[in-house]
Each structure stands twice: as C-alpha cells, then as structure tokens.
Amino acid sequence: MRRVLAFVTSRYGLAGLVALLIIVIVVVGRVAGVVGGGSGHDGGGAPVTGGTEAGVGSTESGAPNDGPTGARPTPSPVVPAGKPGPAAVATSFSTAYLASDGPAKTWRTALRRYATDRLAGELDTMDPATVPAQRRTGAAKLGDHGAHWAQVAVPCDSGTLTLRLLGDGNGWLVDGIDWAPAS
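All letters in the sequence shown, in the order written, are residues 1 to 183 by full-length UniProt numbering.
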C-alpha cells in the first residue's frame, strides 16, 4: 500500500491520474452527447435532414448545424385593429409634410395629427418653406422595423424622406424625419 501511495503522490503518478481523469471526462461526454456536438439530432430521436427549418439540419457544406447563428427573425409591426399601419401613416404624414405652401400654423396642425409629442415640439420651430421636396414620386416602403418601431422611406421628387415611426399599441406616430437628397 505504501508503494502505491508513494507512486500516486509522485509527479508521474499525478500526471497519470490527470490523464485518466481527462479520458473519463471525454468518454462520459461523448456517451452523453455533450462533447464533440454535431450529432445531427435535434433531441427528438430522429436525425434531422434537409435543413428546411431555420437553424436546423445541415449547412451547405454538409456539416451539422445545431442551431441559429444569425439574427432572430424580425417581428412584423403590430397594427391595432381598425388603425393604419406604419406605411399608411407615413404616406399620410408625407402628404401633409410636402403640402408646405400654405400658412405655417395650418401646416403644423396637419402634421401634429401624425406626430409624437416630441416631434410636434420640433415642428413648432420648423419653417415649412425649408421642406426640400414638392411631391411624392412613389409608394412608401417599409424598411428596418420591429414590433413597435419602423422606418419608412418615401421617394420624393428631389430625394428620399425617411420617417421613423413608433407604435404604442394604439396606433403609429411619426417620431423623426430624415432627408436624403437625390444623387
């Protein structure tokens, strides 16, 4: 017993025990399916093939794909029943915004209907004569968006009007205006 204890406590014995411990961990991990991954199974007992669902199956190279690696799918904007969606609100806002040839007070009043309080405050300091376009040249296009926010691009005669909208569950309101002149 003394000889075994002396060997185990020597540096060769300790190295052997560490190697044995590593081997046991790897074997147990492979049996349990933890180490090595890529078993091609989704946990349901049947192998997954084809990769028709996002993040499941095999990659183009044939390597196993055990889950999503990219961004999650973007949720559609939430539109309350009977209320216009972000593109419709952007169209209405842009119509009022581009109709800047009348009195400033009338112009601002028309825009407040579609604007958040923050944007309405900014519009109070804006001169309608500085609106850089005269008319829309195409349909409003939904850009980046989430369930309660959206960016909508509205093509105009001299550039693109980009509107940032917020949805609070009661409808959509414009919260920001950006302008990109035509190149």
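Where is the CB? At the ideal position from N, CA and C, for every residue including glycine.
What you are looking at is a predicted structure, and each value in this text was computed from that prediction instead of being measured.
Among the residues of its own chain, which have a CB less than 6 Å from the CB of residue i, if the five just before and after it don't count?
i: residue 176; result: 164
i: residue 107; result: 100 and 128
Measuring CA to CA, which of the options is closest to residue i?
i: residue 96; options: 86, 103, 84 and 111; result: 111
i: residue 142; options: 27, 166 and 33; result: 166
i: residue 131; options: 178, 168 and 172; result: 178
i: residue 85; options: 117, 172 and 119; result: 172
i: residue 146; options: 73, 138 and 83; result: 73
i: residue 144; options: 126, 87 and 183; result: 87
Considering residue i, what are the terminal residues of the alpha helix (DSSP H) in which it resides?
i: residue 117; result: 117-123
i: residue 3; result: 2-9
i: residue 89; result: 86-98
Residue i lies in the beta strand (DSSP E); which residues open and close that run?
i: residue 181; result: 172-181
i: residue 141; result: 141-145
i: residue 164; result: 159-167
i: residue 150; result: 149-156
Once you ignore the five residues that flank residue i on each side, which residues in its own chain have a CB closer than 8 Å to its CB?
i: residue 17; result: 8
i: residue 94; result: 136, 140, 154, 156, 161 and 163
Quick check: the Cα distance between residue i and residue j, rounded to an integer number of angstroms?
i: residue 39; j: residue 170; result: Here the model assigns residue 39 a pLDDT of 46, short of 50, so the residue's position is not dependable and the matter cannot be decided.
i: residue 257; j: residue 115; result: No information on residue 257 is available, as it lies outside the stretch 1 to 183 that the chain covers here.
i: residue 158; j: residue 92; result: 19 Å
i: residue 3; j: residue 10; result: 11 Å
i: residue 113; j: residue 126; result: 16 Å
Apart from the five residues on each side of it in sequence, which residues of its chain come closer than 7 Å, Cβ to Cβ, to residue i?
i: residue 119; result: 174, 175 and 176
Q) Are at least three pairs of beta-carbons, each pair with one atom in the region 117-136 and one in the region 72-84, less than 8 Å apart? A) no
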